[in-house]
Every structure is written in C-alpha cells, then in structure tokens.
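Numbering (my numbering), first residue to last: 1 to 374. We put the CB at the ideal spot given by N, CA and C, even for glycine. Comments concern the structure below.
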Ligand code: NAD
C-alpha cells in the first residue's frame, strides 16, 4: 500500500492506495459504518449493529439520509472521538463526510471510495454535501477525511457504466496535469476497456497483474494531482477552478438532457471535446492536441460531435428543434453556479498541462454547439 499525506489547512489527510480491500476496525471510542444497498453483499464481515445501510443513488443524497446517520450515531452514544467510516461511491462518501462534519461539531472520518469517480475525485479534497431544494450539492461543508483508504479491488464489481463515468474525470485530470496518464489512456485503452466491460466478478476474482498495475497507476496519479491542486487552493477560491475543465458544457448538457439520461462522466467527456473546439476557434488550443484528444474520445466511444445524442433525444421529446438546442444549452450555462456577474468563464487549454481561464462571447459558445466545422 502506498501512503502519502496532504495538507488540508487545518491538519493533514492521509491517503493510502492499494489493491486489497482493508476495512478499518472501529476504535475503542466507537464508530459507525455507512454504505448502500449495492455494497451490502460485499461487506458481510461488518457488524450491522454499527451500520447504516442507505438506499443507493443520487436521489437519496438528501437530508433524510443524513438524519438516519446522525440518529444511529446518537443511538450508539458516539462522541467527537468516534469514527465515521463511509464505504461507497461519491454519494456515500459525500454524505458520510457531511454527517461526520456536523456530528458534535466534527467527528473522526475515514472514507473508502468504491467507485472510480469517488476514488479519483469525490473522496479526496474535503468537499462534503447533499442535494437540497432541488439543487445538487447545495448544502455541505469543507471537511477533509482524516484518512482515505483506496482499494482498487472494489472496482471489480463496479458496473461498466459507472466505470466509464469515473474515466471521464480521469481523462480530464490527465489533460490538466499528467502527460504520462494521458499516454496510458491512449496506449492501454484495450486493457482499460476490457477491465471495465467485464461483469459478474467479485472483489476476490483475480485479474492479470498488468491490469492491477494500470488501475493503481491511473488512480494514484489522479489522486496525487487532485491533492496537489487542493493543497494550493483549499477553499476553491481560484486554482481549483481548473478542475472544471469541460464541466460548463457538461452541466448544461446534463440539465438539458435531464438527470439520469447520461452519466456525468459521459457529459464531461463531451464537454472536454467542446472546450477544445472552443479553444481552437479562439486561437488558444493547438489543433494537433485537439485531434489527439478527439481520437481518445473515440477510443472510449465518447462523442466529439457538437450535438450530443442525449441532447438531440431530449429535444425531440420536448419538441425543441436541433437548431434551437445550442441556445437552450447556453441558457443552462447561465444558470450554472459557476457564472460570475453574468459572464461565463471557460477553462480552456493551449495543450496538455497548459490551461487558461477566459470569458467567452456567447456567439463563440453557440458556434461549438452547432454543426459548423473548422
Ligand atoms: P454513486 O455514489 O451513486 O455510485 C454509483 C453507483 O455505483 C451506485 O449505485 C453505487 O451503489 C454503485 N457502486 C459504487 N461502488 C460500487 C462497487 N464497487 N460495486 C458495485 N456497485 C458500486 O455515484 P458516483 O459516481 O460514485 O459519485 C457521484 C457523486 O459524487 C455525486 O453525488 C457527486 O456530486 C459526488 N462528487 C463529489 C465530489 C467532491 O469533491 N466531494 C467530486 C465529484 C463528485
């Protein structure tokens, strides 16, 4: 197991990354495990008396689930020195961390992310939260875990759709910070795709050593990149904005297409392509770099076309013509929380690992959402 620490501003967070699953024992001061109904069958060794088992999915990322965790903590007479252990995807890690942050004004926290997205993103960096009043992550705190234990064997049971969801964020991280990771995604695509499309395995199923190595490389490089940027911008006031590469497009698509119509990672992958196209049109992005990323998008069956099939489908359902969809997406961008004083700022790239943030005129945005070729 590889272990390192990053500075959280108020202390340090320890991150361990390895293959084998290690469930931490609860301390003498007591604690609670939180996981969902999908993970239940893989966690049979955990004492149910100390557990809260929540229904799975984003629709349960709400106050009611937090109440269930807090109620259980009180029932067990837990104190501030007790340990909250969240084992699951980003929904569970965000909620366990939120509950720990408010219980007795802050209990001890350990996170075991089990989805690729939670490993490379959600469990690292200290953002916690729930969806509230119809808005995603609109209530939450900054509360980095004391410990994050990443065990890549959990990925063996992750459905392919969820693996691809995390992979979109991995590609974003590679483009922003890590040329080696970018090459790996290109050169080892067969192995990566082979791994995520295999189904019916258990955490104990053995897989070829090269696959394990690739997964560990992929996860640890993303985690190190995220820790590095989070350390420099703990409260997301500036630098961390780079992490939104592709996300202005992605959020607009997700809100237009409707939640659940496509995975977040798929929307991010499309958004990465649109951000590059925008950069090329503005004379910022190198065309060869755009072409290279477009070919990676194709390898993973992500679209690089201006009109995402999910947007087209949604337009057909509600009677909006293809020609009007770009305008609708732009409207959605203006509603996105990242807008500042009526301006939309975009994260753009010159080339790999060279990023700029620019305000962009609406007509340029509309151009990359329409079928106009360069
Ligand atoms: P998720 O937590 O809903 O998990 C996806 C699905 O996979 C769920 O059904 C879950 O039960 C299942 N699952 C997870 N691990 C599994 C495994 N090993 N085997 C079988 N099934 C498994 O979704 P997610 O994509 O992991 O996370 C999305 C959430 O993360 C969103 O709510 C998002 O807001 C949040 N997020 C937070 C941050 C942050 O910085 N805090 C960053 C990115 C995303």
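query                                                                                                                    : result
At least 3 beta-carbon pairs within less than 8 Å: the region 8-19 vs the region 69-79                                   : no
Closer than 6 Å: residue 162 CB and nearest the ligand NAD heavy atom                                                    : yes
Residue 89: CB within 6 Å of a non-hydrogen atom of the ligand NAD                                                       : yes
Those runs of the alpha helix (DSSP H) which lie wholly inside the region 55-123 and span at least 4 residues            : 63-75, 90-102
Validate contact between the region 53-61 and the region 194-209 using beta carbons, cut 8 Å, 3 pairs                    : no
Nonlocal neighbours in the same chain, by C-beta distance under 8 Å from residue 170, ignoring five residues either side : 116, 120, 181, 185, 218, 222
Enclosing beta strand (DSSP E) for residue 130 [first to last residue]                                                   : 130-132
Residue 249 beta carbon less than 7 Å from that of residue 314                                                           : no
DSSP state of residue 14 mapped onto helix, strand, coil                                                                 : strand
Classification of residue 318 by the beta-carbon crowding that lies within 10 angstroms, buried from 16 upward           : exposed
Within the region 199-242, ranges of the alpha helix (DSSP H) (whole runs, at least 4 residues)                          : 209-232
Endpoints, beta strand (DSSP E) assigned at residue 293                                                                  : Residue 293 -> not in any beta strand (DSSP E); alpha helix (DSSP H) instead, spanning 287-299.
Closest by C-alpha distance to residue 154, when choosing among 204, 124, 198, 177                                       : 204
Coil, strand or helix - residue 177 by DSSP                                                                              : helix
Check: residue 56 C-beta below 6 Å from any heavy atom of the ligand NAD                                                 : yes
Strand pairing of residue 53, partner residues [DSSP]                                                                    : 35
Residue from 295, 268, 334 with nearest C-alpha to residue 165                                                           : 268
One or two residues paired with residue 137 in a DSSP bridge                                                             : Residue 137 is not bridged to any residue.
Limits of the unbroken beta strand (DSSP E) element including residue 348                                                : 345-351
7 Å Cβ cutoff met for residue 157 and residue 118                                                                        : no
Distance cut-off 6 Å: residue 118 Cβ against heavy atoms of the ligand NAD                                               : yes
DSSP-derived helix/strand/coil call for residue 262                                                                      : coil
Where residue 4 sits in the DSSP three-state scheme                                                                      : strand
Test item: CB-CB of residue 297 and residue 273 under 7 Å                                                                : yes
Contact test: residue 179 Cβ vs the ligand NAD heavy atom, cutoff 6 Å                                                    : no
Other residues of its chain near residue 264: CB distance less than 6 Å, five sequence neighbours each side excluded     : 165
Contact between the region 123-133 and the region 37-56 (3+ Cβ pairs under 8 Å)                                          : no
Start and end residues, beta strand (DSSP E) containing residue 355                                                      : 354-359
C-beta atoms of residue 107 and residue 100 nearer than 7 Å                                                              : yes
Nonlocal neighbours in the same chain, by C-beta distance under 6 Å from residue 1, ignoring five residues either side   : 16, 18
Nearest-angstrom Cα separation, counted from residue 347 out to residue 422                                              : Residue 422 is absent from the structure shown; the chain starts at 1 and stops at 374.
Which of helix, strand or coil DSSP assigns to residue 150                                                               : strand
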